[in-house]
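A.B. asks: Got a structure for you, questions after.
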Amino acid sequence: DIQMTQSPSVLSASVGDRVTLNCKASQNINKYLNWYQQKLGEAPKLLIYNTNNLQTGIPSRFSGSGSGTDYTLTISSLQPEDVATYFCFQHNSWYTFGAGTKLELK
Amino acid sequence: QVTLKESGPGMLQPSKTLSLTCSFSGFSLSTSGMVVSWIRQPSGKSLEWLAAIDWDGDKYYNPSLKSRLTVSKDTSNTQVFLKITSVDIADTATYYCARSLLPGYNFDYWGQGVMVTVSS
């Protein structure tokens with residue numbers, strides 16, 4: 002199985018901050034990496050697919066990068082509505098999610 | 040407009056079989072490249088992909104749960120079903136169905152989820 006490790010598990014930041022969330026795979030996943038946002042009590046929402054492709058309707062302050070085993074989700078200017086838990090997901094070899102990063106406002 | 044909605048028993052006893060239904064509209068599972076997956080999430084925890092069925096009727100299962108899972112679809116291609124046998128407390132979770140359009144399991148649309156509690 003491919004294991005996905007997200008860091009940090011909790012991140013506190015202020016409105017307007019540039020925020021970076023990390024995801025590390027246990028082996029090369031060839032950029033088959035998605036990011037999902039889950040707000041409290043809601044289903045996850047697709048933000049980024051295949052490392053750096055912004056899903057339709059997602060604000061441009063969200064971006065993704067990475068290759069091999071290391072990937073990042075960046076929010077260029079944190080907004081209050083971005084408070085959520087963010088999950089990475091690999092679909093290179095079967096399908097596994099990371100444990101999530103909870104993003105809070107400072 | 041793509042929508043998915045899960046339904047299930049709410050609560051069931053250990054050792055029973057859990058039956059879930061995903062009803063969807065706005066797309067057809069007969070469309071080439073279309074896939075519907077089941078994903079679950081215990082309260083406060085991460086997500087686990089369980090199973091998928093594609094437009095051709097091919098089925099895919101999480102290897103760690105494969106012996107307990109059966110995914111199927113109806114002939115009208117508007118519903119997908121999941122059965123989990125021999126449930127125990129560890130199967131307590133919110134169960135989601137989600138759509139993907141290949142290439143890639145991107146889960147671009149999700150249902151609202153259905154909470155299932157396993158308890159004696």
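These protein sequences, in sequence, are chains A and B. The numbering of the first sequence is this note's numbering, which starts it at 2 and goes up by one. The numbering of the second sequence is this note's numbering, which starts it at 40 and goes up by one. Where a beta carbon is used, it is the ideal one built from N, C-alpha and C, also for glycine. Note that the structure is a prediction, hence the values are computed from the model and not measured.
Give me whichever residues DSSP pairs with Thr133 (chain B) in a beta bridge.
C.D. replies: The sequence position of residue 133 (chain B) within the second sequence is 94, counting from 1. Per DSSP, B:Gln80, B:Met154.
A.B. asks: Given a threshold of 16 other Cβ atoms within 10 Å of its Cβ, counted over all protein chains shown, does Arg19 (chain A) qualify as buried or as exposed?
C.D. replies: Here the question's residue 19 (chain A) lines up with position 18 in the first sequence. It counts as exposed.
A.B. asks: Is Asn29 (chain A) closer than 9 Å to Gly58 (chain A) when the C-beta atoms are compared?
C.D. replies: Here residue 58 (chain A) corresponds to residue number 57 of the first sequence, with the count starting at 1. Here residue 29 (chain A) corresponds to residue number 28 of the first sequence, with the count starting at 1. Not closer than 9 Å, so no.
A.B. asks: Name the one or two DSSP bridge partners that Gly65 (chain A) has.
C.D. replies: Counting from one through the first sequence, the residue named residue 65 (chain A) turns up at place 64. Beta-bridge pairing links Gly65 (chain A) to A:Leu74.
A.B. asks: Can you grab the Cα-Cα spacing for the pair Thr156 (chain B) / Ser54 (chain B), in whole Å?
C.D. replies: Taking the second sequence and counting its residues from 1, one reaches residue 156 (chain B) at position 117. Taking the second sequence and counting its residues from 1, one reaches residue 54 (chain B) at position 15. Their Cα atoms are separated by approximately 13 Å.
A.B. asks: Would you report the Cα separation of Ile87 (chain A) and Gly152 (chain B), rounded to the nearest angstrom?
C.D. replies: For the purposes of this step, residue 87 (chain A) is identified with residue 86 of the first sequence, where counting begins at 1. For the purposes of this step, residue 152 (chain B) is identified with residue 113 of the second sequence, where counting begins at 1. In the sequence as presented, Ile is not what sits at residue 87 (chain A); that position holds Tyr. Tyr87 (chain A) and Gly152 (chain B): Cα-Cα distance of roughly 18 Å.
A.B. asks: Between the beta-carbon of Ser13 (chain A) and the beta-carbon of Glu105 (chain A), is there less than 9 Å?
C.D. replies: If you number the first sequence from 1, residue 13 (chain A) lands on position 12. If you number the first sequence from 1, residue 105 (chain A) lands on position 104. Yes, the pair counts as a contact, with Cβ atoms nearer than the cut-off.
A.B. asks: Tell me the DSSP secondary structure of Asp113 (chain B) in three-state form.
C.D. replies: Stepping through the second sequence from its first residue, residue 113 (chain B) is reached at position 74. In the structure shown, Asp113 (chain B) sits in coil (DSSP, three-state: anything other than H, G, I, E or B).
A.B. asks: If we cut at 9 Å on Cβ distances, does Ala129 (chain B) have a partner in chain A?
C.D. replies: Start at 1 with the first residue of the second sequence, and residue 129 (chain B) comes out as number 90. By this cut-off, Ala129 (chain B) is not an interface position.
A.B. asks: Starting from the C-beta of Asp93 (chain B), find all residues in its chain whose C-beta is less than 6 Å away, skip the five residues before and the five after it, and write them out in chain order.
C.D. replies: Working through the second sequence from its first residue, we reach residue 93 (chain B) at position 54. Result list for Asp93 (chain B): Val74, in chain order.
A.B. asks: So with CB distances below 9 Å, who are the chain B contacts of Pro45 (chain A)?
C.D. replies: As a first step, residue 45 (chain A) must be located in the first sequence, where it is residue number 44. Ile78, Gln80, Leu86, Tyr135, Ala137, Phe146, Trp149, listed in chain order.
A.B. asks: Which residues in the same chain as Thr75 (chain A) place their Cβ atom closer than 6 Å to its Cβ, once the five residues preceding and following it in sequence are excluded?
C.D. replies: Residue mapping note: residue 75 (chain A) aligns to position 74 of the first sequence, counting from 1. Once the five neighbours on either side are set aside, the close Cβ partners of Thr75 (chain A) are Thr21, Ser64.
A.B. asks: Can you tell me whether DSSP reads Arg19 (chain A) as helix, strand or coil?
C.D. replies: Taking the first sequence and counting its residues from 1, the one referred to as residue 19 (chain A) is at position 18. Reduced to three states, the DSSP call for Arg19 (chain A) is coil.
A.B. asks: When DSSP labels each residue in this structure, what does Lys55 (chain B) get in the three-state scheme?
C.D. replies: Stepping through the second sequence from its first residue, residue 55 (chain B) is reached at position 16. DSSP places Lys55 (chain B) in coil when its eight states are reduced to three.
A.B. asks: From the beta carbon of Tyr87 (chain A), is the nearest beta carbon of chain B less than 9 Å away?
C.D. replies: Counted from its first residue, the first sequence places residue 87 (chain A) at position 86. No, its Cβ sits nowhere closer than 9 Å to a Cβ of chain B.
A.B. asks: How is Glu87 (chain B) classed by DSSP in three states: helix, strand or coil?
C.D. replies: Mapped onto the second sequence, residue 87 (chain B) falls at position 48. It is a strand residue.
A.B. asks: Short check: CB of Met5 (chain A) to CB of Thr102 (chain A), under 9 Å?
C.D. replies: As a first step, residue 5 (chain A) must be located in the first sequence, where it is residue number 4. As a first step, residue 102 (chain A) must be located in the first sequence, where it is residue number 101. The answer is no: Cβ separation not under 9 Å.
A.B. asks: Using the C-alpha atoms, what's the distance from Ser15 (chain A) back to Phe146 (chain B)?
C.D. replies: Mapped onto the second sequence, residue 146 (chain B) falls at position 107. Mapped onto the first sequence, residue 15 (chain A) falls at position 14. One C-alpha to the other measures close to 30 Å.
A.B. asks: Counting only Cβ pairs nearer than 8 Å, list the residues of chain A close to Gly152 (chain B).
C.D. replies: Along the second sequence, one-based indexing puts residue 152 (chain B) at 113. Correct list: Ala44.
A.B. asks: With a threshold of 8 Å on Cβ separation, who are the neighbours of Ser66 (chain A) within its own chain once the five nearest residues in sequence on each side are excluded?
C.D. replies: The sequence position of residue 66 (chain A) within the first sequence is 65, counting from 1. Cβ neighbours of Ser66 (chain A) beyond the five flanking positions: Thr52, Asn53, Tyr72, Thr73, Thr75.
A.B. asks: With a threshold of 9 Å between beta-carbons, can Asn116 (chain B) be considered close to chain A, or not?
C.D. replies: Taking the second sequence and counting its residues from 1, one reaches residue 116 (chain B) at position 77. It does not: the Cβ of Asn116 (chain B) has no partner Cβ on chain A nearer than 9 Å.
A.B. asks: Kindly say whether Phe90 (chain A), judged by its beta-carbon, lies nearer than 9 Å to any beta-carbon of chain B.
C.D. replies: Looking up residue 90 (chain A) in the first sequence gives position 89. True, the Cβ-Cβ gap to chain B drops below 9 Å.
A.B. asks: Can you name the residues that DSSP bridges to Asn54 (chain A)?
C.D. replies: Locating residue 54 (chain A) in the first sequence gives position 53, counting from the first residue. Paired residues: A:Tyr50.
A.B. asks: Kindly list, in the order they appear in chain B, the residues whose Cβ is closer than 7 Å to that of Asn51 (chain A).
C.D. replies: Translated into positions along the first sequence, residue 51 (chain A) becomes position 50. The contacting residues are Gly143.
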